[in-house]
Amino acid sequence: MMKTRSARLVVNTVALAWCIAVAAGASGCATQQQGLDMFWPDPPDKPRIKFVRNLQSKSDLGGPALLDTLAGGTREQALYQPMGLALSQDRQRLYVADRVWNSVFVFDFQSHAVRTIGSDERYGLTLPVGVALDGDENVYVADTGTRTVRVYDKTGKFLRAVGKDQLVRPTGVAVDASRQRLYVVDTGQNDTPAAHRVKVFDLTGTAIREIGRRGEGDGEFNFPTFASLDAQGRLYVVDSVNNRIQVFDPQGNFLFKFGRSGDHIGDFARPKGVAVDTFGNIYVVDSRWSNVQVFNQQGQLLMIFAGVGEHPGLMINPGAIVIDSQNRIYVSDTLGKRVSVYELIGTSAEDSLESRGTAPQTARGG
710 MMKTRSARLV VNTVALAWCI AVAAGASGCA TQQQGLDMFW PDPPDKPRIK FVRNLQSKSD
770 LGGPALLDTL AGGTREQALY QPMGLALSQD RQRLYVADRV WNSVFVFDFQ SHAVRTIGSD
830 ERYGLTLPVG VALDGDENVY VADTGTRTVR VYDKTGKFLR AVGKDQLVRP TGVAVDASRQ
890 RLYVVDTGQN DTPAAHRVKV FDLTGTAIRE IGRRGEGDGE FNFPTFASLD AQGRLYVVDS
950 VNNRIQVFDP QGNFLFKFGR SGDHIGDFAR PKGVAVDTFG NIYVVDSRWS NVQVFNQQGQ
1010 LLMIFAGVGE HPGLMINPGA IVIDSQNRIY VSDTLGKRVS VYELIGTSAE DSLESRGTAP
1070 QTARGG
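Per our numbering, the very first residue in the sequence shown carries number 710; after that it's consecutive.
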């Protein structure tokens, strides 16, 4: 993979003209997105990332909703400030936490439907940020308003709250279904020394341990945000103000870190989301630059995609990221009011073996 910030843009004029002619005056146009082919990196390098589409409302799933919108019908409730993301194991449902709607949107790709979770008045959400799923597709929502993780079943029925009187400002959340562990990133505030760490619970809500404390050393955090797990159960935490990623084993032991503050390629300015693809590559969303930087397991930069803008494929202050088992990539474009969807193409495990760059810093130094 090559290191680049730029993209190749090819306009499919036939599809674009059809969209303009048929949907003039409509609020948004899903077909117009499909007429724009965007790849990273630039030629002559081999394309690795392809922009697929944006998701904002039911109309973007196609089917009857799109036809109704093109015919002049009312556009459905749409994402306004999407944050955390989660995907069902069968890749058919995308869960999106929206902190303005105080709900989790569920995009069902199979039925072309969208529904919401957490709008119930008695057991509702207040400023949801992170979202994760367990093996039964129960939905775990880091709710900053209630200072808990709210748990719902996949139909939206409230089950329980986790972390009452134990969490200060929960943001990121990750579930290790095989080990029955719930990881909650407690971002905290300036005056809350009990936060700035990851708090670990079992799936019933019993506290198990805490990882880290406030600081700049190995295993310490300064306003951490989101977290993710890989297939081996390793935990990747975005240490946002320290501008780095820290990685821990399933027992909470520090393994390595990478990243630094700066405005050069490979540096971080305001990292938020993190996810790992099937090859073990680590994707980090930088909200300041509105891009995604891809690193290998040695902490070496492989490539960068997206960037600042409203054009489909670009983003404005993105947040979370999730990657499915086929390496389709979903990024919450927070101020763009949508989820941007990409896919990894033409790539093998050998492409992650980059000999240049900086090795990650481990518990033994380096």
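Just so you know, even glycine gets a beta-carbon here, dropped at the ideal spot from N, CA and C. Note that the structure is predicted; figures quoted are calculated from it, not measured.
For the segment 992-1018, the continuous beta strand (DSSP E) assignments of 3+ residues that do not extend past its boundaries occur at 1000-1004, 1010-1015, in sequence order. Spanning the alpha carbons of Gln960 and Tyr945 requires a straight line of approximately 13 Å. Around the C-beta of Arg953, 16 or more other C-beta atoms lie within 10 Å, and the residue is accordingly described as buried. Straight-line measurement puts the Cα of Thr901 at about 22 Å from the Cα of Thr915. Taking 3 residues as the minimum length, the beta strand (DSSP E) runs contained wholly in the segment 1034-1069 are 1037-1042, 1047-1053, in order along the chain. Secondary structure in the segment 919-1000: the beta strand (DSSP E) runs of 3 residues or longer, each lying completely within the stretch, are 933-938, 944-948, 953-957, 963-967, 980-985, 991-995 in chain order. A straight line joining the alpha-carbon of Val858 with that of Asn847 spans about 12 Å. Burial is judged here by how many other beta carbons sit within 10 angstroms of a residue's own beta carbon; Arg831 has fewer than 16 and is exposed.
At the C-beta level, Tyr1051 and Lys759 come within 8 Å of one another. Residue Ala806 holds the alpha-carbon nearest to the alpha-carbon of Ile1030 among Leu1062, Gly971, Ala806, Asp972. The beta carbons of Tyr849 and Val840 sit closer together than 8 Å. The three-state secondary structure of Asp769, taken from DSSP, is helix.
Bounds of the beta strand (DSSP E) holding Gly881 are 879-885. Within the DSSP secondary-structure output, Tyr849 pairs in a beta bridge with Ala841, Val860. The three-state secondary structure of Ile1025, taken from DSSP, is coil.
Nearest to His821 by C-alpha distance, out of Val983, Gln765, Asp958, is Gln765.
A Cβ-Cβ separation of about 6 Å places Leu891 in contact with Val884 under the 8 Å criterion. A direct Cα-to-Cα measurement between Arg878 and Asn931 gives close to 13 Å. DSSP places Asp817 inside the beta strand (DSSP E), whose first and last residues are 812-817. In the three-state reduction of the DSSP assignment, Val809 falls in the coil class, being assigned neither a helical nor a strand state.
Less than 8 Å divides the Cβ of Asp1033 from the Cβ of Leu796. Inclusion of Lys981 and Thr934 in the CB contact set at 8 Å is warranted, their separation being smaller than that value.
The residues Arg906, Lys908, in chain order, have a CB closer than 6 Å to that of Glu919 in the same chain once the five nearest residues on each side in sequence are set aside.
Gly968 and Phe977 have their alpha carbons spaced roughly 7 Å apart. Around the beta carbon of Leu1010, a 10 Å sphere encloses 16 or more other beta carbons of the protein chains shown; the residue is thus reported as buried. Secondary structure at Leu836: coil, using DSSP grouped into helix, strand and coil. Counting the other CB atoms within 10 Å of its CB gives Lys755 a total below 16, which places it among the exposed residues. Residue environment analysis places Asp769 among the buried positions, since at least 16 neighbouring C-beta atoms fall within 10 angstroms of its C-beta. Distances from the CA of Ser812 to each of Leu836, Arg1037, Asp746 were compared; the closest alpha carbon is that of Leu836. The secondary-structure analysis by DSSP pairs Val894 across a beta bridge with Val907. According to the DSSP secondary-structure assignment, Lys759 is paired through a beta bridge with Phe748, Glu1052. Remark: C-beta atoms of Asn951 and Glu925 approach each other more closely than 8 Å. The three-state secondary structure of Pro791, taken from DSSP, is strand. In chain order, Leu1010 place their CB closer than 6 Å to the CB of Gly975, counting only its own chain and leaving out the 5 sequence neighbours on each side.
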